[in-house]
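Here the structure comes first, spelled out in structure tokens, and everything after it is commentary.
Residue numbers (the numbering used here): 159 to 695.
What follows is the structure, given as structure tokens:
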């Protein structure tokens, strides 16, 4: 049995090496791509979009791996701090780009970008976060835009004599929601609440509140990126206006325990008159059930979309993020990778095809201004919303703020609102935001996370060195017990003959598991000295 297994393993090894050499001899290059689940079938959908490119470039093959958003941050930072298990092309969320680029692991694309004169081919918003803020470097190419707009029920508005324009300002939206609340409508057997918004349990909690802070003249951090101003009067009042929707009873308290997907489903099923979402929500409303859509539901025939309502200052902003495509410095096939990311990023047909599959907005001007968007009454609203899109600064520490500072603080704020909606005052909100401002400033002043990650391979080296030194000490301490080193190694040689499986498989596996448990513990201790926390990774 052992001989049969050995023969099979040897055959597989020879076959793999042979295939690899054959590909090399034929000049075939395989590009490893890491992407996020942007559509229902991430890998199949991207393969479909790449089909024309691969036919035109028979020397290029692709291996696509879909990373869950929950695990992607850890995977990306690990890849950026090492030279192993690194893809040729990687999707990076725009809010993470500053952090990953600051680690120095991404290929500098500035020269290629300028040589190919690409700047005028992109929607301006998509170029806001292609490299570290203030660096002038291009570390990635834009790929997809995530933009938010306001969805509303046309049947609800018509029953109450309201027009879409009545929702176009903060004051108008507030009055319209009050009217919907008073009406206590029941349509198709469903009680219709005025508004659906999420609270502490939403993964993109910061994206939901940002437009209201921006539209009132507030921001999260100053222009120099040195201090937070989240507790400014403008920010407090803008956020309090948003929270006031809950205090006034427009939003069911149960909504604040839900996430974006649940609120979206609730709107589609007739539970809310108004809510805010991205273009992928439009895709769901226009697709049949057999393709994962909701076009069979009554709401799908009675909805409209508009840009965010204008603030008293006349400002309109919406969160405008998305994802870029980047290359790692250690990649071995940079010319082929550059060719492929340019195709995905700028080819009109590729941009349109992927937009239709994922629902996201194209970054290429020629795709965004195509009839598919400009002639559709719903999609053209998202095209207009792109003009009002705003992203966060692509700075090293923003990813940590987004994942480890804002969620706990804003979650705590929403907890207070849930406990006593009417009793939650503007003064309480200001107090919480002052604490949040202190946390952000402390983070800015501390040593950057990325330098810590950059030094982490050194820590691993030290750990492994200590481990092997311990082995050597153990060997020499057992010298007398075995009657000298010669006897010791003779005994080990005999053991090896009898326990090959243990030496070849069990021992390495045990060692690997030991290191896997030991390294995170030591990393946690190391992080503690740098004022990092469990949300960092």
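Here a beta-carbon is modelled for each residue, glycine too, at the ideal position from N, C-alpha and C. Computed from a predicted structure; not experimentally measured.
Supposed close pair residue i, residue j - CB separation, criterion 8 Å
i	j	result
residue 460	residue 313	4 Å
residue 211	residue 501	5 Å
residue 487	residue 265	5 Å
residue 475	residue 369	5 Å
residue 404	residue 310	So it is not a contact: roughly 18 Å between Cβ atoms.
residue 246	residue 559	At roughly 30 Å, the Cβ-Cβ gap does not stay under 8 Å, so residue 246 and residue 559 are not in contact.
residue 377	residue 387	6 Å
residue 470	residue 428	Their Cβ separation, rounded to whole angstroms, is 32 Å, which puts residue 470 and residue 428 out of contact at 8 Å.
residue 435	residue 306	7 Å
residue 748	residue 363	The question about residue 748 has no answer here: the residues shown for the chain are numbered 159 through 695.
residue 494	residue 207	Rounded, the Cβ-Cβ distance is 17 Å, inconsistent with contact.
residue 193	residue 224	6 Å
residue 385	residue 599	6 Å
Bridge partner(s) assigned by DSSP for residue i
i	result
residue 300	482
residue 379	386
residue 311	461
residue 476	547
residue 327	468
residue 251	481
residue 353	432
residue 348	345
residue 305	478
Separation of residue j from residue i, as counted between CA atoms
i	j	result
residue 526	residue 520	6 Å
residue 696	residue 422	Because the chain spans 159 through 695 in this model, residue 696 falls outside it and cannot be assessed.
residue 296	residue 288	6 Å
residue 587	residue 400	12 Å
residue 340	residue 430	14 Å
residue 473	residue 409	24 Å
residue 375	residue 468	12 Å
residue 282	residue 581	43 Å
residue 290	residue 553	6 Å
residue 205	residue 350	41 Å
residue 605	residue 491	The pLDDT assigned to residue 605 is 47, lower than 50, so where the model puts this residue is not dependable; a value taken from the coordinates is nonetheless given after this. If I take the Cα positions, the gap works out to 34 Å.
residue 237	residue 244	5 Å
residue 285	residue 503	12 Å
residue 372	residue 452	33 Å
residue 417	residue 380	30 Å
residue 610	residue 603	Unreliable positioning characterises residue 610 in this predicted model, as indicated by a pLDDT of 45, which lies under 50. The coordinate reading is nonetheless provided below. Straight-line Cα distance between these residues: approximately 14 Å.
residue 239	residue 280	30 Å
residue 203	residue 512	8 Å
residue 275	residue 227	32 Å
residue 578	residue 390	24 Å
residue 395	residue 584	8 Å
residue 346	residue 361	31 Å
residue 267	residue 322	44 Å
residue 178	residue 510	Bear in mind that a pLDDT of 48 at residue 178, under 50, signals an unreliable position, so the number given afterwards is only what the model happens to contain. Between residue 178 and residue 510, the C-alpha separation is close to 35 Å.
residue 262	residue 234	13 Å
residue 414	residue 407	12 Å
residue 337	residue 303	34 Å
residue 319	residue 229	48 Å
residue 242	residue 489	10 Å
residue 221	residue 214	17 Å
residue 218	residue 189	7 Å
residue 458	residue 477	24 Å
residue 590	residue 308	28 Å
Proximity test, Cβ basis, 7 Å: residue i and chain B
i	result
residue 245	Within the model displayed, chain B is absent; a lone protein chain is all it includes.
For this session: Ignoring anything shorter than 3 residues or poking outside the region 445 to 473, list the beta strand (DSSP E) runs there in chain order.
Result: DSSP runs (the beta strand (DSSP E)) wholly in the region 445 to 473: 461 to 464.
For this session: Any chance you could list the alpha helix (DSSP H) runs of at least 4 consecutive residues sitting entirely within the region 517 to 565, in chain order?
Result: 523 to 526, 529 to 532 and 537 to 544, all fully within the region 517 to 565.
Problem set entry | Sufficient close CB pairs (3 or more, under 8 Å) joining the region 540 to 557 to the region 324 to 333 | Taking a cut-off of 8 Å on C-beta distances, the region 540 to 557 does not touch the region 324 to 333, as fewer than three cross pairs fall below it.
Exercise. What beta strand (DSSP E) runs, 3 residues minimum, are completely inside the region 184 to 226?
Worked result: Runs found: 187 to 193 and 218 to 224.
For this session: Note down, one range per segment and in chain order, each alpha helix (DSSP H) of at least 4 residues found wholly within the region 258 to 285.
Result: Whole alpha helix (DSSP H) segments, 4+ residues: 268 to 273.
Exercise. So, do the region 558 to 575 and the region 346 to 358 have three or more beta carbon pairs nearer to each other than 8 Å?
Worked result: Contact between the region 558 to 575 and the region 346 to 358 is present, because at least three Cβ pairs lie under 8 Å.
Problem set entry | Three-pair Cβ contact test at 8 Å for the region 510 to 520 versus the region 186 to 199 | Cβ pair count under 8 Å is three or more, so yes.
Exercise. Counting pairs of Cβ atoms below 8 Å between the region 478 to 485 and the region 237 to 252, do you hit three or more?
Worked result: Flag = yes, the region 478 to 485 and the region 237 to 252 touch.
Problem set entry | Stretch-stretch touch, CB-based, cutoff 8 Å, three pairs: the region 290 to 305 with the region 252 to 262 | Put simply, the region 290 to 305 touches the region 252 to 262. At least three CB pairs are less than 8 Å apart.
Exercise. Along the chain, which unbroken stretches of the alpha helix (DSSP H) at least 4 residues long are found entirely within the region 562 to 592?
Worked result: Contiguous alpha helix (DSSP H) elements confined to the region 562 to 592 occur at 564 to 577, taking only those with 4 or more residues.
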